[in-house]
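Chemist: One structure follows; several queries about it will come next.
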Amino acid sequence: MTASDVRVIGVVGLGGMGSGIAQLAIEAGYETVAREVTGELGETARGRIAHYLQRKVDKGRLEAGERDAALALLSLTTSVGDLATCDLVVEAITEELDSKHALFAELEGIVRAEAVLATNTSALSVTEIAAAVSTPERVVGMHFFNPAPLMPLVEIIRAELSSDAAVETAYQVGERLGKRPIRCHDTPGFVVNRVLIPLLNDCLRVLDEARVSPEDLDTAMTAGAGWPMGPCALVDLVGIDVHVHASEALYEKLREPRMAPPPRIVAMKNAGLLGRKSGRGFYVYDD
Ligand code: CAA
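If you count the sequence shown from 1, you need to add 3 to reach the numbering used here.
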């Protein structure tokens, strides 16, 4: 399987990341089979994608005909069996190793032998995920960044047993999706999160140490360090539960105190303050 053989892309899990990846795939002209556990969640994702494509039309960056052609490439399903025709599948489900193992084992029995299986995990080991299948050479990481349609990077992660062909196919598909891929090995946090997670945790500790408000901390890092958005707004965007989970996963593997999530953000997660997706985190969101 080379990138030019890839015609149909599967996306499993249509939360913020999965729907963003599905949007990239249809905009790049791939027939896309997108799977969610319920039809309702699938339709919510389709609505989100249609909304962002419409915003592009409104701003003159996309023709109405191109929007319609892209949306026509998207088929929703609740059945993993419908991914049988996929040449490359990107998994973007919940960050639980057991759930990913079950999905990859199921996928292995459904897609054909040459198809590439990619995980969008942000903090789990791609090698451990690949251990669920008898053909680990076709498993790679394709780690997109939030929001996937806007952030240029995709990390292409080589797990211990990934084949050169699978890594190269994922890299080239990443390019065709309009991204700037980089190649790296399967180490905790890969490249960006290895640096960003402890950095964000330092920022959150400064909230209490310097007794600065979230608004002022965000102003400090945008106006004083040139960040495109402040750390509190960024953690709200990523999801407070996602950030806590990634911090815990990295801490478990590296045992560096800076990786551990600060108690303040663990308390926010436990209280259901998850950021944008729950309507409230460091900030309150109306949309
Ligand atoms: N999906 C698709 N399109 C989107 C979108 C989304 N989630 N969010 C916004 N857009 C579109 C919208 O149409 C929007 O225009 P309208 O508001 O007019 O509809 C358009 O993009 C532009 O949006 P913004 O005006 O908000 O764009 P901006 O210029 O302010 O940039 C940003 C936004 C790219 C998010 C920028 O603030 C940025 O780079 N922030 C940093 C983000 C970052 O660091 N992400 C990485 C997080 S870490 C991670 O993801 C790793 C992990 O494993 C958890």
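The beta carbon of each residue, even a glycine, is placed where N, CA and C say it ideally should be.
Quickly, what does DSSP pair Leu120 with across the bridge? List them, please.
Modeler: For the purposes of this step, residue 120 is taken as the residue at position 117 of the sequence shown. In DSSP, Leu120 forms a bridge with Val92, Val142.
Chemist: Under three-state DSSP, which class holds Phe147?
Modeler: By 1-based counting over the sequence shown, the position of residue 147 is 144. If DSSP states are grouped into helix, strand and coil, Phe147 belongs with the strands.
Chemist: At a cut-off of 7 Å, is Phe148 close to ligand 1 when judged by its beta-carbon and the heavy atoms of the ligand?
Modeler: Your numbering for residue 148 matches position 145 in the sequence shown. Correct: Phe148 has its Cβ closer than 7 Å to ligand 1.
Chemist: Under the three-state reduction of DSSP, which class applies to Ile268: helix, strand or coil?
Modeler: As a working mapping, residue 268 is identified with position 265 in the sequence shown. Helix, per DSSP.
Chemist: Are the beta-carbon atoms belonging to Ala118 and Val93 less than 8 Å from one another?
Modeler: For the purposes of this step, residue 118 is taken as residue 115 along the sequence shown, with counting starting at 1. For the purposes of this step, residue 93 is taken as residue 90 along the sequence shown, with counting starting at 1. No, the pair does not count as a contact, with Cβ atoms beyond the cut-off.
Chemist: Once the 5 residues before and after Gly282 are set aside, which same chain residues still bring their CB inside 6 Å of it?
Modeler: Position 279 of the sequence shown holds residue 282. Cβ neighbours of Gly282 beyond the five flanking positions: Tyr288.
Chemist: Does ligand 1 have even one heavy atom less than 7 Å from the beta-carbon of Gly42?
Modeler: Translated into the one-based positions of the sequence shown, residue 42 becomes position 39. No, since every heavy atom of ligand 1 falls outside the 7 Å radius drawn around the Cβ of Gly42.
Chemist: Output the boundary residues of the beta strand (DSSP E) element that contains Gly13.
Modeler: Taking the first residue of the sequence shown as 1, we reach residue 13 at position 10. Element bounds for Gly13: 11-15.
Chemist: Should the stretch 222-229 be called in touch with the stretch 242-252, which here means at least 3 C-beta pairs below 8 Å?
Modeler: no
Chemist: Less than 8 Å between the CB atoms is what I'm expecting for Leu74 and Leu56, so what's the real figure, rounded?
Modeler: Taking the first residue of the sequence shown as position 1, residue 74 is located at position 71. Taking the first residue of the sequence shown as position 1, residue 56 is located at position 53. The C-beta distance from Leu74 to Leu56 rounds to 7 Å, short enough to meet the 8 Å contact threshold.
Chemist: Is there at least one non-hydrogen atom of ligand 1 closer than 7 Å to the beta-carbon of Val293?
Modeler: Summary: the structure shown does not reach residue 293, with the chain confined to residues 4 through 290, and so no result is reported for it.
Chemist: Which value, in whole angstroms, describes the spacing of the CA atoms of Leu277 and Met271?
Modeler: For the purposes of this step, residue 277 is identified with residue 274 of the sequence shown, where counting begins at 1. For the purposes of this step, residue 271 is identified with residue 268 of the sequence shown, where counting begins at 1. Between the alpha carbons of Leu277 and Met271 lies a gap of roughly 7 Å.
Chemist: Should Met232 be listed as close to ligand 1, given that the test is whether its C-beta is under 7 Å from any heavy atom?
Modeler: Translated into the one-based positions of the sequence shown, residue 232 becomes position 229. Met232: yes, Cβ under 7 Å from ligand 1.
Chemist: Give me the residue from Thr124, Ala236, Ala173 with the minimum Cα distance to Gly181.
Modeler: Taking the sequence shown and counting its residues from 1, the one referred to as residue 181 is at position 178. It is Ala173.
Chemist: Please determine, among Pro201, Ile29, Glu46, Val9, the residue with the shortest C-alpha to C-alpha distance to Gly18.
Modeler: Within the sequence shown, numbered from 1, the residue matching residue 18 stands at position 15. With distances taken between Cα atoms, Gly18 lies closest to Glu46.
Chemist: Identify whether Pro184 lies in helix, strand or coil by the three-state DSSP scheme.
Modeler: Here residue 184 refers to the residue found at position 181 when the sequence shown is read from its first residue. It is a strand residue.
Chemist: Measure the C-alpha to C-alpha separation of Val136 and Gly112 and round it to an integer number of angstroms.
Modeler: Numbered from 1 along the sequence shown, position 133 holds the residue referred to as residue 136. Numbered from 1 along the sequence shown, position 109 holds the residue referred to as residue 112. Put simply, the backbone Cα of Val136 is about 9 Å away from that of Gly112.
Chemist: Would you kindly report the start and end of the unbroken beta strand (DSSP E) that includes Leu156?
Modeler: Start at 1 with the first residue of the sequence shown, and residue 156 comes out as number 153. First-last of the beta strand (DSSP E) with Leu156: 156-161.
Chemist: Could you give the distance in angstroms between the alpha-carbon of Leu210 and the alpha-carbon of His146?
Modeler: Against the sequence shown, residue 210 aligns to sequence position 207. Against the sequence shown, residue 146 aligns to sequence position 143. Straight-line Cα distance between these residues: approximately 29 Å.
Chemist: By DSSP, does Arg197 sit in helix, in strand, or in coil?
Modeler: Position 194 of the sequence shown, counted from the first residue, corresponds to residue 197. Under the three-state reduction of DSSP, Arg197 is assigned to helix.
Chemist: Going by C-alpha distance, which of Val83, Ser102, Gly32, Leu106 is nearest Asp71?
Modeler: On the sequence shown, residue 71 is found 68 positions in, with the first residue counted as 1. When each option's Cα is compared against that of Asp71, the closest is Gly32.
Chemist: Rounding to the nearest angstrom, what Cα-Cα distance links Met232 and Glu218 in this structure?
Modeler: The residue labelled residue 232 in the question sits at position 229 within the sequence shown. The residue labelled residue 218 in the question sits at position 215 within the sequence shown. Rounded to the nearest angstrom, the two C-alpha atoms are 11 Å apart.
Chemist: Given that a residue counts as buried once 16 or more other Cβ atoms are within 10 Å of its Cβ, and exposed if not, what is Leu153?
Modeler: Indexing the sequence shown from 1 puts residue 153 at position 150. Exposed.
Chemist: Would you call Thr222 buried or exposed, if buried means 16 or more other Cβ atoms sit within 10 Å of its Cβ?
Modeler: In the sequence shown, counting from the first residue as 1, residue 222 sits at position 219. Thr222 is exposed by the Cβ-count criterion.
Chemist: Three or more C-beta pairs closer than 8 Å, one from the stretch 94-106 and one from the stretch 11-25: is that the case here?
Modeler: yes
Chemist: Exposed or buried, Ser1, counting other C-beta atoms within 10 Å across all chains shown (16 or more means buried)?
Modeler: The requested residue 1 is not part of the displayed model; the chain covers only 4 to 290.
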